[in-house]
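Since the structure comes first, as structure tokens, the remarks are kept for the end.
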Amino acid sequence: KITVKIVVPVVKGSHITTMYSHALWGTQARRQHLKDSKYFACKCQRCSDPTELGTYLSAMKCLGDGNNPCDGIHLPEDPLDDESDWACNKCKVKVSSSQVNMLISQMGEQVDNVQ
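Read in order, the letters of the sequence shown are residues 1198 to 1312 in our numbering.
Right, here's the structure in full:
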């Protein structure tokens, strides 16, 4: 016998899902964790949405093109592709996945060093 507690209504016959990673991780971190620990590439609704269901958890502020400041945000063009470029939602500036990964790594190190 198993008991399942829910926080949203569930329609009979619909799928019940569970979280295999931390809810506050961004798409790249969640998908990498699932590849490494559960051996699958997640394609759920949240992972497939560049805005992560409107949370914008992985979004990065656009700094513009060097000459013109921008108040837009960078989102992955294809969140299911680890090599996808990230495009600003207001200007034409794009950032490569390797640049985004480097920035995420640097920010992670800074957070780890906070005392």
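Just so it is clear, CB atoms sit at the ideal spot from N, CA and C, and this is done for glycine as well.
- Pairing Ile1301 with Lys1198, the inter-Cα distance amounts to about 43 angstroms.
- In terms of Cα proximity to Leu1260, the closest of Gly1223, Gly1210, Cys1285 is Cys1285.
- Taking 8 angstroms as the cut-off, the beta carbon of Lys1291 is found no closer than this to the beta carbon of Asp1278.
- With contacts defined as CB atoms closer than 8 angstroms, Gly1223 and Leu1272 fail to qualify as a contacting pair.
- Val1201 is a Cβ neighbour of Ile1213, given a cutoff of 8 angstroms.
- The three-state reading of DSSP puts Ile1301 in helix, counting H, G and I together.
- By the CB criterion at 8 angstroms, Ser1245 and His1230 fall outside the cutoff.
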